[in-house]
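Asks: Going down the list, the protein sequences come from chains A and B.
Just so you know, we're using our numbering here: the first sequence kicks off at 667 and counts up by one.
Just so you know, we're using our numbering here: the second sequence kicks off at 667 and counts up by one.
Number of protein chains: 2
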Amino acid sequence: MSERHQQVEDAIVARRDRVNDALPEDLPVQKPDHLYEASRYLLDAGGKRLRPTVLLLVAESLLDVDPLTADYRDFPTLEGGQADMMSAALAIEVIQTFTLIHDDIMDDDALRRGVPAVHKEYDLSTAILAGDTLYSKAFEFLLETGAAHERTVDANKRLATTCTRICEGQSLDIEFEQRDVVTPEEYLEMVELKTAVLYGAAASIPATLLGADEQTVDALYNYGLDVGRAFQIQDDLLDLTTPSEKLGKQRGSDLVENKQTLVTLHARQQGVDVGDLVDTDSVEAVSEAEIDDAVERLREVGSIEYARQTGQDLIASGKQNLEVLPDNEARYLLEGIANYLVERDY
Amino acid sequence: MSERHQQVEDAIVARRDRVNDALPEDLPVQKPDHLYEASRYLLDAGGKRLRPTVLLLVAESLLDVDPLTADYRDFPTLEGGQADMMSAALAIEVIQTFTLIHDDIMDDDALRRGVPAVHKEYDLSTAILAGDTLYSKAFEFLLETGAAHERTVDANKRLATTCTRICEGQSLDIEFEQRDVVTPEEYLEMVELKTAVLYGAAASIPATLLGADEQTVDALYNYGLDVGRAFQIQDDLLDLTTPSEKLGKQRGSDLVENKQTLVTLHARQQGVDVGDLVDTDSVEAVSEAEIDDAVERLREVGSIEYARQTGQDLIASGKQNLEVLPDNEARYLLEGIANYLVERDY
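1) TYR738/B lies in the alpha helix (DSSP H); which residues open and close that run?
2) To the nearest angstrom, how far is it from the Cα of ARG895/A to the Cα of SER953/A?
3) Would you say LYS803/B faces chain A, with C-beta separation under 9 Å as the test?
4) Measure from the alpha carbon of ASP687/A to the alpha carbon of each residue in ASP730/A, THR927/A, SER753/A and PHE842/A, then state which is nearest.
5) Judging by CA-CA distance, which residue of ARG934/B, THR907/B and LEU777/B is the nearest neighbour of PRO962/B?
6) Looking only at C-alpha atoms, which of GLU971/A, ARG682/A, ALA793/A and GLY747/A sits nearest to LEU875/A?
7) Find the residues of chain A that neighbour HIS768/B, judging by a C-beta separation of less than 7 Å, and give them in chain order.
8) Take the Cβ of ASP920/A as the centre, count every other Cβ of all protein chains shown within 10 Å, and call the residue buried at 16 or more, exposed below.
9) Tell me the rounded alpha-carbon separation between LEU980/B and THR927/B.
10) When you compare only the Cα positions, how much space is there between ILE758/A and ASP905/B?
11) What distance in whole Å lies between the Cβ atoms of ILE794/B and ILE771/A, which are believed to be in contact at a cut-off of 8 Å?
12) Taking only the alpha-carbon atoms, compute the straight-line gap between LEU701/B and LEU709/B and give it to the nearest angstrom.
13) Would you kindly check if the distance between the Cβ of ALA804/B and the Cβ of ILE761/B is under 9 Å?
14) Let me check one thing: in DSSP terms, what residues is ALA749/B bridge-paired to?
15) Chain B beta carbons: is any one of them nearer than 9 Å to that of VAL819/A?
16) Helix, strand or coil for ARG779/B per DSSP?
17) On a Cα-Cα basis, can you pick out the residue from VAL967/A, LEU891/A and GLN978/A that is closest to ARG717/A?
18) If we define contact as Cβ-Cβ less than 9 Å, is SER753/B a contact residue for chain A?
19) If you compare alpha carbons, which of VAL784/B, GLU956/B and GLU834/B is closest to ARG917/B?
20) Starting from the C-beta of ASN888/A, find all residues in its chain whose C-beta is less than 8 Å away, skip the five residues before and the five after it, and write them out in chain order.
21) Anyone know if the C-beta pair for TYR801/A and PHE764/A falls short of 9 Å?
22) Quick check: what's the CA-CA separation for GLY1002/A versus ASP884/B?
23) Just the Cα atoms here: how many angstroms apart are ASP730/A and ALA996/A?
24) Alpha carbons only, please: which of ASP676/B, GLY835/B, SER705/B and GLN978/B is nearest the one belonging to PRO733/B?
25) At a CB-CB cut-off below 7 Å, which residues of chain B make contact with HIS815/A?
26) Since PRO698/B meets chain A, which of its residues come closer than 8 Å, beta carbon to beta carbon?
27) Name the residues in the segment 961-985 of chain B whose C-beta lies less than 8 Å from a C-beta of chain A; which are they?
28) For TYR788/B versus ALA725/B, is the C-beta spacing smaller than 9 Å?
29) Based on Cα-Cα distance, which residue from ALA868/A, ASP947/A, ARG934/A and VAL857/A lies nearest to GLY977/A?
30) According to DSSP, simplified to helix, strand and coil, what is ASP813/A?
31) Are the C-beta atoms of ASN822/B and some chain A residue less than 9 Å apart?
32) Using the three-state DSSP reduction, which class does ASN888/A fall into: helix, strand or coil?
33) Anything in chain A within Cβ reach of LEU809/B, meaning under 7 Å, just list it in chain order.
34) Taking 9 Å as the CB-CB limit, is ILE871/A close to chain B?
35) For GLY712/B, which residues from the same chain have a beta carbon less than 6 Å from its beta carbon, with the 5 sequence-adjacent residues on both sides left out?
36) Thinking C-beta only, is ASP1011/B closer than 9 Å to LYS912/B?
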């Protein structure tokens, strides 16, 4: 692992720990306990807190403070005064968690972060309500940062439209599963809505709250969109190229389950009968050799390279968008996070 | 029907029509169509629009404009400038609709407003997503009224905490169904959270947006809480006292299904074995005579009168809270709505 990669991992871990300390302060288990325990359950089960980390690093870079030295609860703004950046960071994490809880119901996924999904650990009603509670809590958090009122309104508009876009993306994702033909462009649009807009919100909301100009806010939003899309594409690639032991699940499971990814959608455009790439129709029964052959075929028609290049282009664009920030350590770490998202191999 | 009752009904219908005209403007069916059609489905199925009516009437009274003469989209504020009161009214209606969609999933209710519930007409995933979409749309609407930024932040804080409270109330409602002993006080607290806070939001948010002082905002919030609680208690009473033909369902069905209401909780405190009041355990098989006997027993121990008096006291308190408003026709109609909620017999 390179020195820079290690620096980025350390930066993420340090901010993750701060977020984890703040969570029980702002989201205590209170009456009715059952509801708040269920709302906290997935949050407490872990997670890298990548989106809050991006939010906090943007704030640190914009104000040019030495990383981790400022009090996130009383963070200086560009216009004088203070704003609670931790409250904003929690808003983003809590929205991410709400979408995971509801998505797991829709996909009937049994496991998340190594523990039972909320609707399995509790029940359907509790999971719906826990998600709904986190939803309003996120707005409470983002309305209570103490930033200037105009900034607060703008930041909350971003959060509200982001949530609407996420619902649209999830709706498209479900629709695409039932469709025969989806183009790579449609897939990338779905990924933008379902995944990338929340990175866009995480990167732009601190700039809005702290009083940055419109050009800076827009560039940071685009940084978030770029890295968010690259993140999803890398997930698709890892499923094909990372050994099962390292992946924590069967390599190639997306192929076995006929899941549409940027790789398979490109291959289909090249005339590959993607549904026939793997004959075995259960993840348990498929052999490594069969996956190897399928991946080799995808490589031959250029689909692996296409997805990798698309991801690399997005990261390059993302880093270019960071040039609106002062040249400091926090910006260097944000560039590192962009690389980290496509260099990670698990 | 009294003249005043007719005036109140006319006032509600007139504002309902305005709300119905505005809905497709602010919530058009757009891509992905499936999601937005499902989000509009229950809204388009009908509804009295009582909460938006309360919101619009408070605005009219505060600014002392002749009812229905002002442009709700460009409504004058107390501080100069304009604010879109229709957008605020839609925010409240859309939150109400989101909670109905998700509650119907939790209770597995098949019908709502005479049509299949969203999760029956579509499916579980679509219903969860439609509710989630309306949730963020409500914040979009309330962030975009054009009111002063500080007012906008305060109004959205009210909306966010209201949504959190509604989730808490629904969680308590589910919990109470599994508990043997619930006190009338606990029941009233649950009703406050589940039902009344949204009336509180509907009555206070226009005052916040338009620049009223804190005392006025608080009094209007309490008006909403009062009438919201009274509304639920009246629902409980109607189930016992209104003929089945008029009710549109079997009279006494709450008793047959052992649903806890303020009436039955009071009766239990008087030593009545409420579970045994009606022997028949299906709504289809119960006889009118059996219901008559049960209601007579509830009347004897004072439970009907207790609930009626509690409702009347709440309405009196609600009307007193309206005294912060100028003495004008809109206030007269808001008083009338309070009466209307407990005088209605269907």
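Where a beta carbon is used, it is the ideal one built from N, C-alpha and C, also for glycine.
Just so it is clear, the structure is predicted and the values come from calculations on it, not from any experiment.
Replies: Reading off the structure:
1) TYR738/B -> no alpha helix (DSSP H), and no H or E assigned at all.
2) 30 Å
3) yes
4) Minimum Cα-Cα distance from ASP687/A among the listed residues ASP730/A, THR927/A, SER753/A and PHE842/A corresponds to SER753/A.
5) In the sequence on display, residue 962/B carries Glu and not Pro. Among ARG934/B, THR907/B and LEU777/B, the Cα nearest to that of GLU962/B belongs to THR907/B.
6) GLY747/A
7) Result: ILE794 and ASP798.
8) buried
9) 17 Å
10) 44 Å
11) 6 Å
12) In this structure, the straight-line span from the alpha carbon of LEU701/B to that of LEU709/B is close to 13 Å.
13) yes
14) Beta-bridge analysis with DSSP links ALA749/B to PHE741/B.
15) yes
16) In the three-state scheme derived from DSSP, where H, G and I count as helix and E and B as strand, ARG779/B is classed as coil.
17) Residue LEU891/A holds the alpha-carbon nearest to the alpha-carbon of ARG717/A among VAL967/A, LEU891/A and GLN978/A.
18) Taking Cβ atoms only, chain A never reaches closer than 9 Å to SER753/B, which makes this a no.
19) GLU956/B
20) Correct list, in chain order: GLY866, SER983, GLY984 and ASN987.
21) Here TYR801/A is near PHE764/A, since their CB atoms are less than 9 Å apart.
22) Just so you know, the alpha carbons of GLY1002/A and ASP884/B end up roughly 50 Å apart.
23) 8 Å
24) Answer by Cα proximity: ASP676/B.
25) HIS815, GLU816 and VAL819
26) GLU834, SER837, LEU838 and GLU841
27) none
28) no
29) VAL857/A
30) According to the sequence provided, residue 813/A is Ala. The question's Asp does not apply to it. Residue state, collapsed to three classes: coil.
31) yes
32) helix
33) VAL819, ASN822, LYS823 and ALA826
34) It does not; no Cβ of chain B falls within 9 Å.
35) ARG779
36) yes
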